[in-house]
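Down below is the structure, laid out as structure tokens.
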Amino acid sequence: MTTKLPHRPRGNASRPPAAATIDVPSFAAAQLSLLATEHAAEASEMALLASAHSPAQLARAGLAVRNLLVASQRTGMGGKTVVELEGDPATSGGGEKGDAGGSGGVIGEHGIRVGDVVGLQSQEGSGESGKKRGGAGKKEKQSNADKGVEGVVVRVKQDAISLALGKGDDRDDADLPQGRVWLVKLANEVTYKRMKQTMERLEKLRDSDYTPLMRTLFGLTPLSDIPPGAEEGTSGDTVKDSEWISERLNDGQKRAVRFALAAPEVALIHGPPGTGKTHTLIELILQLVICRGKRLLVCGPSNISVDNIAERLAPYIKEVPLVRLGHPARLLPSVLSHSLDVLTRTSDAAQIVQDVRREMDAKQASIRKTRNGRERRAIYADLKELRKEYRQREQGCVSSLVKGSKVVLATLHGAGGHHLKNEQFDVVIIDEASQALEAQCWVPLLTAKKVVLAGDHLQLPPTIKSLNSKATKEAKDKKGKGAKAQVEPDPKAADAAQPTTLETTLFDRLLGLHGPSIKRMLTTQYRMHSLINEFPSAELYDGQLVADDSVKERLLRDLPYEVQDTDDTREPLVFHDTQGGDFPERPEDDVPLSGGLGSLNESRSNELEAALVKQHVESLVGAGVRPEDVAVVTPYSAQLGVVSRLLREAFPGIELGSVDGFQGREKEAVVLSLVRSNPEHEVGFLGEKRRLNVAMTRPKRHLCVIGDSETVGRGSKFLKRWMAYLEEKADLRYPDASSLSVLG
Numbered sequence: 000m001t002t003k004l005p006h007r008p009r010g011n012a013s014r015p016p017a018a019a020t021i022d023v024p025s026f027a028a029a030q031l032s033l034l035a036t037e038h039a040a041e042a043s044e045m046a047l048l049a050s051a052h053s054p055a056q057l058a059r060a061g062l063a064v065r066n067l068l069v070a071s072q073r074t075g076m077g078g079k080t081v082v083e084l085e086g087d088p089a090t091s092g093g094g095e096k097g098d099a100g101g102s103g104g105v106i107g108e109h110g111i112r113v114g115d116v117v118g119l120q121s122q123e124g125s126g127e128s129g130k131k132r133g134g135a136g137k138k139e140k141q142s143n144a145d146k147g148v149e150g151v152v153v154r155v156k157q158d159a160i161s162l163a164l165g166k167g168d169d170r171d172d173a174d175l176p177q178g179r180v181w182l183v184k185l186a187n188e189v190t191y192k193r194m195k196q197t198m199e200r201l202e203k204l205r206d207s208d209y210t211p212l213m214r215t216l217f218g219l220t221p222l223s224d225i226p227p228g229a230e231e232g233t234s235g236d237t238v239k240d241s242e243w244i245s246e247r248l249n250d251g252q253k254r255a256v257r258f259a260l261a262a263p264e265v266a267l268i269h270g271p272p273g274t275g276k277t278h279t280l281i282e283l284i285l286q287l288v289i290c291r292g293k294r295l296l297v298c299g300p301s302n303i304s305v306d307n308i309a310e311r312l313a314p315y316i317k318e319v320p321l322v323r324l325g326h327p328a329r330l331l332p333s334v335l336s337h338s339l340d341v342l343t344r345t346s347d348a349a350q351i352v353q354d355v356r357r358e359m360d361a362k363q364a365s366i367r368k369t370r371n372g373r374e375r376r377a378i379y380a381d382l383k384e385l386r387k388e389y390r391q392r393e394q395g396c397v398s399s400l401v402k403g404s405k406v407v408l409a410t411l412h413g414a415g416g417h418h419l420k421n422e423q424f425d426v427v428i429i430d431e432a433s434q435a436l437e438a439q440c441w442v443p444l445l446t447a448k449k450v451v452l453a454g455d456h457l458q459l460p461p462t463i464k465s466l467n468s469k470a471t472k473e474a475k476d477k478k479g480k481g482a483k484a485q486v487e488p489d490p491k492a493a494d495a496a497q498p499t500t501l502e503t504t505l506f507d508r509l510l511g512l513h514g515p516s517i518k519r520m521l522t523t524q525y526r527m528h529s530l531i532n533e534f535p536s537a538e539l540y541d542g543q544l545v546a547d548d549s550v551k552e553r554l555l556r557d558l559p560y561e562v563q564d565t566d567d568t569r570e571p572l573v574f575h576d577t578q579g580g581d582f583p584e585r586p587e588d589d590v591p592l593s594g595g596l597g598s599l600n601e602s603r604s605n606e607l608e609a610a611l612v613k614q615h616v617e618s619l620v621g622a623g624v625r626p627e628d629v630a631v632v633t634p635y636s637a638q639l640g641v642v643s644r645l646l647r648e649a650f651p652g653i654e655l656g657s658v659d660g661f662q663g664r665e666k667e668a669v670v671l672s673l674v675r676s677n678p679e680h681e682v683g684f685l686g687e688k689r690r691l692n693v694a695m696t697r698p699k700r701h702l703c704v705i706g707d708s709e710t711v712g713r714g715s716k717f718l719k720r721w722m723a724y725l726e727e728k729a730d731l732r733y734p735d736a737s738s739l740s741v742l743g
């Protein structure tokens, strides 16, 4: 059957109407204002948390790690000092429940992650600090605030945390705290700085400086012509059926690749859950580099999004020379050999910098052997001079490596680093573009010739703290007090006009500006059972998302290891309906913080629902399903803390996560706790359909939803239809709250 393709504007198409064009300086100014508000909201939130809570409270909430010792120092990328911290064995059993110190130097559970900006501070009087309350704890933190250094976390292990010191080029290592220390999470300035600089450049550009791509992205010129027959493989310059590098592409994926190759300026690849978006991008990259000799810059909003592509490209390294920008501690092990840091140690060009690195490492080691202040200052002075020499030599080595690469991979803000200054690329590819701020995307796009954006604008957009700030909430409450349902904007109806929120991504805006002809959607998904797939396909993807024959009927009982045939393992969709008011939610103010998994922000929990989660997990594991094949997902961090206390020890292999944090992931079985159950029928941010889309599309073989249909079903029309679908199609169960009254 021949698929009718949407019309693509040709080169002689009429100029877009005036209403569809965007004034570039005004756009940049608006973005700068929005970014400033967002930055202020994040900084204010972090400052408020730090000032209102003691170090021990921050540690229990996952925002700090206490009872650490400096284990070693070494020289990292760019000559920066990398400090490795380990847990203090002396604090074993001596801290409060939930403290970060652990036995044998093992660091307890916490929320510090690779890439976080943290403050490293002296933990004076640490033996008592965990017991301080109120003003005493706050004063302790305040007294230490000016005595530490800042750094970026580059490695997190069970028994160690490593961070690269300093934000600038010449941080004085003499400020490194001595003795027992602690880490506290800070607002990240680097990403905002790059976006701000990019928008300031955009604002100052003259009309004559606009690139052809820039003019297209702002609607100042129409889209150019695509050769007839390009997507069908019948035109001269396209991929013939015999020229595909991968043998596993379906027709939709092939059409998307041909479309992206043929589009002169911009193409959007819409990849719903499980449709093989990354697989499609790899084919596109290989076609561009191997078959067309192009040079590419491949970016994403997070390290993991970039690493997934680098990992898939690694087998083609002989045909596709690549380099991955970014600190190796942030990268997947499988792509380490392609990182700049490793290449500057192992490549032919690396030898010119190794002698300086060795001398710097020797100086770093000597610092810890001396207590004489004058000698230490002399060593730091020598290190400062060695850093300058090291950077000069390293830059020459790095420049050679980058120029010799056909594919350079970096995060979006990493693409604005000095390593890529004056580098030219034929095509910029941005993966997970629907999760990136538009200002982030412009970091690699100011000088680009062509861009391919890949993502799914019907899943969660980037998190915007300023939309959920206290002031914003109070304004909303005053405006619509008593409203029970949240009305969310339809992401499919993106407006091409001036964005009024950072949630409007470049992907969204281009769809509104140029219409659906600018994108191709992948429609065959290889993840979900057809019953799990059916509702999101009908509601969000116009019924076009279809389960492949290989997955549409697979169940837990069909796993490639022994699993019993039970009421749970033979059902792809289960709904525990807690209606009736016996499973009430609680605001987080009434919920004690849990070790490393709580949150100090407004949240909700539901202990009886958590007990029901435990019961269902026990049933699955009892039937033979391995804990590592099961995930428990919930929209609320407070609920995550409750579930963690119930399940973590009993099922150490199980994965627990928030809906937002689970985007891009998948599991054989997912248990989803909706939490909300109240007489007012308020659902909070559960009313965001994109959040629910993420939640309901994570499982492969089994989705268990636990929630109150009376509360959730009144949250929005979308939620009402979802509850009706579950009542009709799922294995419907009504749990008895009295049997769950004791939380084991």
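Residue numbers (numbering that gives the first Met the number 0): 0 to 743.
We put the beta carbon where it would ideally sit given N, CA and C, even for glycine.
Everything numeric in this text was worked out from a predicted model, so none of it was measured.
Note on geometry: alpha-carbon atoms of G663 and P583 lie some 31 Å from one another. Take the alpha-carbon of E199 and the one of V23: they are about 11 Å apart. Rounded to whole angstroms, P678 and A435 show a C-alpha spacing of 37 Å. Using a 10 angstroms sphere on the CB of G706, the tally of other CB atoms reaches 16 or more, which defines it as buried. Taking the C-beta atoms as reference points, S121 is found no nearer than 9 Å to G165. Excluding residues up to 5 positions away in sequence, E587, Y635, S636, A637 lie with their Cβ nearer than 7 Å to the Cβ of S602 in the same chain.
Per DSSP, the unbroken alpha helix (DSSP H) holding K613 starts and ends at 606–621. With 16 or more neighbouring CB atoms inside 10 Å of its own CB, K449 falls in the buried class. Restricting attention to R247, L260, N249, D224, the CA atom closest to the CA of V238 is found in L260. Per the Cβ contact rule, the stretch 547–565 is in contact with the stretch 616–627 (3 or more Cβ pairs under 8 Å). Look at W441 here: in three-state DSSP terms it is helix. Annotation: I428 to M527 spans about 27 Å, alpha carbon to alpha carbon. In this structure the stretch 270–284 does not touch the stretch 379–391; the number of beta carbon pairs closer than 8 Å is below three.
Exclusion of the five residues before and after E654 leaves A630 as the residues of its chain whose Cβ lies within less than 6 Å of its Cβ. E617 is positioned such that its CB atom lies no closer than 9 Å to that of R585. Residue pairing from DSSP places L295 in a beta bridge opposite V406, V426. With a 10 Å radius around the Cβ and a threshold of 16 neighbouring Cβ atoms, R376 comes out exposed.
Under the criterion of beta carbons closer than 8 Å, P300 and Q196 do not qualify as touching, at roughly 17 Å. DSSP assignment within the stretch 634–707 yields the following whole beta strand (DSSP E) runs of 3 residues or more, N-terminal first: 654–657, 666–672, 698–706. Taking a 10 Å sphere around the C-beta of P559, we find fewer than 16 other C-beta atoms and assign the residue as exposed. Per DSSP, the beta-bridge partners of P586 are R603.
The residue from R357, L671, C298, F258 with its alpha-carbon nearest to that of A229 is F258. By the Cβ rule, the stretch 387–404 does not count as touching the stretch 280–287, because fewer than three pairs are nearer than 8 Å. Counting the other Cβ atoms within 10 Å of the Cβ of K79 gives 16 or more, which makes it buried. Using a Cβ distance threshold of 9 Å, V573 and K699 do not count as a contacting pair. P176 sits close to V148, with the two beta carbons spaced by under 9 Å. With fewer than 16 other Cβ atoms from the protein chains shown falling within 10 Å of its own Cβ, G542 counts as exposed.
Residue H701 holds the alpha-carbon nearest to the alpha-carbon of I531 among D548, H701, T215, A414. Counting along the chain, the unbroken beta strand (DSSP E) around N66 starts and ends at 63–74.
Excluding the 5 residues flanking it on each side, V674 has same chain C-beta neighbours closer than 7 Å at E584, R603, S604, N605, E608, T633, P634, Y635, Q638, in chain order. Counting only runs of 4 or more residues that sit fully inside the stretch 186–218, the alpha helix (DSSP H) segments are 188–203, 211–216, in chain order.
Taking C-beta atoms as the reference points, A63 and P54 count as a pair closer than 9 Å. Counting the other Cβ atoms within 10 Å of the Cβ of Q56 gives 16 or more, which makes it buried.
The DSSP assignment places 505–513 as complete runs of the alpha helix (DSSP H) inside the stretch 505–532, in order along the chain (cut-off: 4 residues).
With a cutoff of 9 Å on beta-carbon distance, L267 and L452 are scored as near each other.
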